[in-house]
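To start, the structure itself, in structure tokens.
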Amino acid sequence: YRKKLVPNIGKTPRKLLKTIKSHSGRNNQGRITMRHQGGGHKRVYRVIDFKRYGKDGIEGVVKTIEYDPNRNCFISLVSYRDGSFVFIIAPEGLRVNDKIMSGEGENIPLKVGNNLPLRYIPINTPIHNLELKLKKGGQLLRSAGTYGEIIGKEL
9 YRKKLVPNIG KTPRKLLKTI KSHSGRNNQG RITMRHQGGG HKRVYRVIDF
59 KRYGKDGIEG VVKTIEYDPN RNCFISLVSY RDGSFVFIIA PEGLRVNDKI
109 MSGEGENIPL KVGNNLPLRY IPINTPIHNL ELKLKKGGQL LRSAGTYGEI
159 IGKEL
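For the sequence shown, the tail end lands on 163 under the numbering used here, and the numbers increase by one without skipping.
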């Protein structure tokens, strides 16, 4: 599935992958405490950067757009100029080799994939991955096909 989205992708950096143990409905004694759990395909967890802090003003390039078995939306592998790699939730319209930025300020352009504070986003602009509290990371509008719109601002 991944190869259909992006040809010639190479390997995912190991630090962005974690293994998850399936407990199959068993507790710490090995007894079944939840029936009908278990089975399914083995999955590797991809560490998603919901916060995107520490990359203010650093330009990143979208390397791949991949299927993620742990969620119902696609994710993108972003390579920043400082040499770091992160996974982000891929918004609709993001393509391979697009340049994205995150940060606080008016010098960040308003385009798909960029991360800005709400005060710099105009009214009626679709947004996704919205955080409720500062520095907590995106909590709302993260599922596939979901988005919100800014309908008004208080001064």
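Where a beta carbon is used, it is the ideal one built from N, C-alpha and C, also for glycine.
Here the structure is a predicted model, which is why all the values come from computation and not from measurement.
Measuring CA to CA, which of the options is closest to residue i?
i	options	result
glycine 156	Glu162, Glu100, Ile108 and Lys107	Glu100
leucine 148	Lys119, Tyr75, Lys29 and Ile97	Ile97
arginine 89	Leu102, Lys71 and Ile83	Lys71
glycine 160	Leu138, Pro130 and Ser151	Pro130
asparagine 78	Leu124, Val104 and His49	His49
glutamate 67	Val52, Ile108 and Arg22	Ile108
Is the distance from the Cβ of residue i to the Cβ of residue j below 8 Å?
i	j	result
glycine 113	phenylalanine 58	no
arginine 127	asparagine 137	no
leucine 140	phenylalanine 95	no
isoleucine 116	threonine 133	no
valine 104	isoleucine 73	yes
What are the boundary residues of the beta strand (DSSP E) that includes residue i?
i	result
valine 70	68-74
serine 32	Premise fails: serine 32 is in no beta strand (DSSP E) and is neither H nor E.
What's the C-alpha gap between residue i and residue j?
i	j	result
lysine 26	arginine 60	19 Å
serine 87	lysine 119	18 Å
aspartate 106	asparagine 80	22 Å
serine 110	arginine 54	21 Å
* Start-end ranges of the beta strand (DSSP E) lying completely within the segment 98-152, minimum 3 residues -> none
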